[in-house]
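Everything on this sheet refers to the single structure shown next.
In the numbering used here, the protein residues as written are -11 to 172.
Structure follows, in structure tokens:
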């Protein structure tokens, strides 16, 4: 199954979870989301962030994936990035990563302020460049730094600055932007 097929199947699944009241909303983040704003890059996974509906818990999402998609779910922990709930499952050869916005206010706000973009012929909410940058500042891998460099060309600098202050990510953003300028 190609990344496009995996993406379309995952979007359909999350649309169904939303219709069935499991999740309030969701948005695309990660490498695939970049293609809505900047030149696409190769990626081996599809990343989503979700807001759980009132009365739903992470085990409800896990159960829905395991029963409806017949997929084995791996629960992931990323305490260094303040991510409380994260899971992954395989769709063909492609990994689908899902992060809960619970306890992660920047992710919650990223979904609420996401833009609708058309990717592979399907309308989907995609985190804006400013929020993608903020989310990438959390784990801050080498790939995240490259993505931030590309996204800053499309970001509203004033909005990004205000959001970095709001979410206490200013020093991290400044370090990345200074590093960016010193590399060729």
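For every residue, glycine included, the Cβ atom is placed at its ideal position computed from N, Cα and C.
Candidates the options, of which the one nearest residue i by Cα
i	options	result
residue 37	92, 29, 80	92
residue 82	97, 139, 59, 70	59
residue 27	162, 136, 165	136
residue 16	42, 3, 41	3
residue 44	71, 11, 73, 53	11
residue 129	32, 164, 72, -10	164
residue 42	9, 33, 14, 101	9
residue 70	166, 162, 155, 102	155
residue 229	158, 109, 167, 145	As shown, the chain starts at -11 and ends at 172. That puts residue 229 outside it, with no answer to give.
residue 65	127, 131, 5, 51	127
Three-state secondary structure (DSSP) of residue i
i	result
residue 8	coil
residue 156	coil
residue 172	The pLDDT assigned to residue 172 is 48, lower than 50, so where the model puts this residue is not dependable, and the model offers no usable value.
residue 50	helix
residue -1	helix
residue 41	coil
residue 125	coil
residue 137	helix
residue 24	coil
residue -10	coil
residue 98	helix
residue 132	helix
residue 104	strand
Sub-9 Å separation of residue i and residue j beta-carbons
i	j	result
residue 99	residue 111	no
residue 86	residue 49	yes
residue 57	residue 79	yes
residue 152	residue 161	yes
residue 148	residue 140	yes
Whole-Å CB distance - residue i paired with residue j, under 8 Å assumed
i	j	result
residue 75	residue 61	5 Å
residue 77	residue 53	6 Å
residue 124	residue 14	Not a contact, Cβ separation roughly 18 Å.
residue 33	residue 84	7 Å
residue 46	residue 7	With a Cβ gap of about 19 Å, residue 46 and residue 7 do not count as contacting.
residue 102	residue 115	5 Å
residue 18	residue 31	7 Å
Residue i Cβ short of 8 Å to the ligand MG heavy atom set
i	result
residue 154	As far as ligands go, the structure on display features none, and thus does not contain the ligand MG.
Inset, instruction - Spell out a yes or no on whether the segment 9 to 22 and the segment 119 to 136 are touching, meaning 3 or more CB-CB pairs, one atom from each, closer than 8 Å. - result: yes
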